[in-house]
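Peer 1: So the protein lines, in turn, are chains A and B.
Heads up, the first sequence stops at 146 in this note's numbering, and the numbers go up one at a time, no gaps.
Heads up, the second sequence stops at 292 in this note's numbering, and the numbers go up one at a time, no gaps.
Glycine included, C-beta positions come from ideal geometry on N, C-alpha and C.
Remember, it's a predicted structure, so these values are computed and weren't measured experimentally.
2 protein chains.
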Amino acid sequence: MKVTYKGDYALKTILDLALHYDKELVTTHDLAVRIDAPIKFLEQVLSELKKGGFIESRRGNVGGYMLARKPAKITVGEVIRFIDGPIEPIACLKGEYANCSDINKCVFRKVWEDTTKAISGVIDNVNFDDLVSKVKSQQEEPIYSI
Amino acid sequence: MKVTYKGDYALKTILDLALHYDKELVTTHDLAVRIDAPIKFLEQVLSELKKGGFIESRRGNVGGYMLARKPAKITVGEVIRFIDGPIEPIACLKGEYANCSDINKCVFRKVWEDTTKAISGVIDNVNFDDLVSKVKSQQEEPIYSI
DNA sequence: TACTTATCCTATCTGCTTAGTAGGAATTGT
DNA sequence: ACAATTCCTACTAAGCAGATAGGATAAGTA
Ligand code: FES
Ligand code: FES
Numbered sequence: 001m002k003v004t005y006k007g008d009y010a011l012k013t014i015l016d017l018a019l020h021y022d023k024e025l026v027t028t029h030d031l032a033v034r035i036d037a038p039i040k041f042l043e044q045v046l047s048e049l050k051k052g053g054f055i056e057s058r059r060g061n062v063g064g065y066m067l068a069r070k071p072a073k074i075t076v077g078e079v080i081r082f083i084d085g086p087i088e089p090i091a092c093l094k095g096e097y098a099n100c101s102d103i104n105k106c107v108f109r110k111v112w113e114d115t116t117k118a119i120s121g122v123i124d125n126v127n128f129d130d131l132v133s134k135v136k137s138q139q140e141e142p143i144y145s146i
Numbered sequence: 147m148k149v150t151y152k153g154d155y156a157l158k159t160i161l162d163l164a165l166h167y168d169k170e171l172v173t174t175h176d177l178a179v180r181i182d183a184p185i186k187f188l189e190q191v192l193s194e195l196k197k198g199g200f201i202e203s204r205r206g207n208v209g210g211y212m213l214a215r216k217p218a219k220i221t222v223g224e225v226i227r228f229i230d231g232p233i234e235p236i237a238c239l240k241g242e243y244a245n246c247s248d249i250n251k252c253v254f255r256k257v258w259e260d261t262t263k264a265i266s267g268v269i270d271n272v273n274f275d276d277l278v279s280k281v282k283s284q285q286e287e288p289i290y291s292i
């Protein structure tokens, strides 16, 4: 599993849209500023997220993006898999491995299967409602630094 | 985390040497045949494993390789980290990430930290004595196929 | 000493992926 | 008409994965 910049931008995008859920549309420009991403690169990420059914858009003068589903219905795992591909740590488990001739004989296979489950156990159990709550509770926190 | 062919060859190398532990030296040629790796590529892997203190070698006519430690004292995690680098799923946690300006504010950070721990929980708890036992028990199994 | 069989060392290469850039077409409100 | 926006396609620079190539060095043996 590798989370690329693209994946990171996608997650931050969904989170930003989740924070604006049921309020206003978010433009690529504003998003790019807030999540600190190159706008032209972000455009491509947004295009993919739309194809993936995560977000919806409105074109034209007062256009922008919004979530296609409730934040609670989108998990980190879903987004990462869609943008960065399978979470399996080795090509073998994705069925693209020449060396895995006899699946039943390789004693490492179970290790990678367990690893995959362990990763899934984390990222498939965090949704964007959880994250929105976390952001909001962070904002309420008092500031102790001077 | 990504396990490359190099990492896979390294693991299979250690396992093969573990199976020959305290018996005979293993040559690159024999190893390459058994684990199905290009010999010249495997040479480089062996060189790295030696530098990493996993294996020892003897040069010359009757040379070859052997484990530098007991199989039980080598874990899958150790080998993978040495050959394929840090297991963290995102550059951010490796300290090579421009976008992680305020570490305390990014709500995704905990997700990646938890993911790292989950992976570690698997690969750092499998050693090569476990794997040797598994190979041997597999060999003892009756064959049900015709 | 010559020969063989090994490890050891360094350079090079090809294809793929990542992260980004570039330029403009299409859409919509004012 | 104009401005602001999404949408679409192509291109590029850098790095990495997975080798390949060619030999130098070491050690046992006839
Ligand atoms: S080669 Fe496929 S699991 Fe090991
Ligand atoms: S940007 Fe560093 S953890 Fe999110």
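Please list, in chain order, the residues of the segment 112 to 135 of chain A that have any C-beta partner in chain B closer than 8 angstroms.
Peer 2: Within the segment 112 to 135 of chain A, the residues whose Cβ lies closer than 8 angstroms to some Cβ of chain B are 112, 114, 115, 118, 119, 121, 122, 123, 126, 131, 134, 135, listed in chain order.
Peer 1: Ordered along the chain, which non-local residues of its own chain (more than five positions away) have a Cβ less than 7 angstroms from that of residue 82 of chain A?
Peer 2: Taking the first sequence and counting its residues from 1, one reaches residue 82 of chain A at position 82. The answer, listed in chain order, is 52.
Peer 1: For ligand 2, I want to know if residue 112 of chain A counts as a neighbour, meaning its beta carbon is within less than 7 angstroms of at least one of the ligand's heavy atoms.
Peer 2: On the first sequence, residue 112 of chain A is found 112 positions in, with the first residue counted as 1. Every heavy atom of ligand 2 is 7 angstroms or more from the Cβ of residue 112 of chain A, so no.
Peer 1: Closest Cβ-Cβ distance between residue 3 of chain A and chain B: below 8 angstroms?
Peer 2: Residue numbering aside, residue 3 of chain A sits at position 3 when the first sequence is read from its first letter. It does: the Cβ of residue 3 of chain A has a partner Cβ on chain B nearer than 8 angstroms.
Peer 1: Comparing alpha-carbon positions, which option in A:119, A:84, A:115 lies nearest residue 5 of chain A?
Peer 2: For the purposes of this step, residue 5 of chain A is identified with residue 5 of the first sequence, where counting begins at 1. Considering only alpha carbons, the answer is A:84.
Peer 1: Which residues share a DSSP beta bridge with residue 67 of chain A?
Peer 2: Against the first sequence, residue 67 of chain A aligns to sequence position 67. BP columns for residue 67 of chain A point to A:55.
Peer 1: On the three-pair Cβ rule with 8 angstroms, is the segment 261 to 281 of chain B touching the segment 216 to 224 of chain B?
Peer 2: Yes, they touch.
Peer 1: Identify whether residue 62 of chain A lies in helix, strand or coil by the three-state DSSP scheme.
Peer 2: Taking the first residue of the first sequence as 1, we reach residue 62 of chain A at position 62. It is coil, neither helix nor strand.
Peer 1: So, at 8 angstroms on beta carbons, what are the nonlocal neighbours of residue 162 of chain B in its own chain, with the 5 sequence-adjacent residues on each side left out?
Peer 2: The residue labelled residue 162 of chain B in the question sits at position 16 within the second sequence. The residues are 172, 177, 180, 181.
Peer 1: Does DSSP put residue 75 of chain A in a helix, in a strand, or in coil?
Peer 2: Numbered from its first residue, the first sequence carries residue 75 of chain A at position 75. Residue 75 of chain A falls in the strand class under three-state DSSP.
Peer 1: What residues in its chain sit with their C-beta under 8 angstroms from that of residue 39 of chain A, if we drop five residues either side in the sequence?
Peer 2: Indexing the first sequence from 1 puts residue 39 of chain A at position 39. Result list for residue 39 of chain A: 28, 29, 32, in chain order.
Peer 1: Taking beta-carbon pairs under 9 angstroms, can you tell me which members of the segment 11 to 22 of chain A lie near chain B?
Peer 2: Here the close residues are 11, 12, 15.
Peer 1: For the segment 179 to 201 of chain B, list every residue whose C-beta sits within 9 angstroms of some C-beta in chain A, in sequence order.
Peer 2: Of all residues in the segment 179 to 201 of chain B, 181, 182, 183 have a Cβ within less than 9 angstroms of some Cβ in chain A.
Peer 1: Would you call residue 142 of chain A buried or exposed, if buried means 16 or more other Cβ atoms sit within 10 Å of its Cβ?
Peer 2: Counting from one through the first sequence, the residue named residue 142 of chain A turns up at place 142. Exposed: under 16 other Cβ atoms inside 10 Å.
Peer 1: Closer than 7 angstroms to a non-hydrogen atom of ligand 4 - does that hold for the CB of residue 34 of chain A?
Peer 2: Summarising the ligand content, the structure contains ligand 1 and ligand 2 and does not contain ligand 4.
Peer 1: Looking at C-alpha atoms only, which residue of A:61, A:65, A:59, A:60 is the closest neighbour of residue 45 of chain A?
Peer 2: The sequence position of residue 45 of chain A within the first sequence is 45, counting from 1. Comparing Cα positions, the closest option is A:65.
Peer 1: Give me the Cα-Cα distance between residue 49 of chain A and residue 260 of chain B, rounded to the nearest whole angstrom.
Peer 2: What you label residue 49 of chain A is simply residue 49 of the first sequence in a count that begins at 1. What you label residue 260 of chain B is simply residue 114 of the second sequence in a count that begins at 1. Using only the alpha carbons, I get a separation of about 25 angstroms.
Peer 1: Please report the residue range of the alpha helix (DSSP H) in which residue 262 of chain B lies.
Peer 2: On the second sequence, residue 262 of chain B is found 116 positions in, with the first residue counted as 1. That run of the alpha helix (DSSP H) goes 255 to 269.
Peer 1: Between the beta-carbon of residue 88 of chain A and the beta-carbon of residue 112 of chain A, is there less than 8 angstroms?
Peer 2: Position 88 of the first sequence holds residue 88 of chain A. Position 112 of the first sequence holds residue 112 of chain A. Yes. Within cutoff.
Peer 1: Would a C-beta distance cut-off of 8 angstroms place residue 54 of chain A and residue 37 of chain A closer than the cut-off?
Peer 2: In the first sequence, residue 54 of chain A corresponds to position 54, counting from 1. In the first sequence, residue 37 of chain A corresponds to position 37, counting from 1. No, the Cβ-Cβ distance between residue 54 of chain A and residue 37 of chain A is not below 8 angstroms.
Peer 1: Among B:170, B:193, B:280, which residue has its Cα nearest to the Cα of residue 208 of chain B?
Peer 2: Numbered from 1 along the second sequence, position 62 holds the residue referred to as residue 208 of chain B. Per the Cα distances, B:170.
Peer 1: Ordered along the chain, which non-local residues of its own chain (more than five positions away) have a Cβ less than 7 angstroms from that of residue 167 of chain B?
Peer 2: Taking the second sequence and counting its residues from 1, one reaches residue 167 of chain B at position 21. So the list reads 213, 217, once near-sequence residues are dropped.
Peer 1: According to DSSP, is residue 236 of chain B part of a helix, a strand, or is it coil?
Peer 2: Locating residue 236 of chain B in the second sequence gives position 90, counting from the first residue. Strand at residue 236 of chain B.
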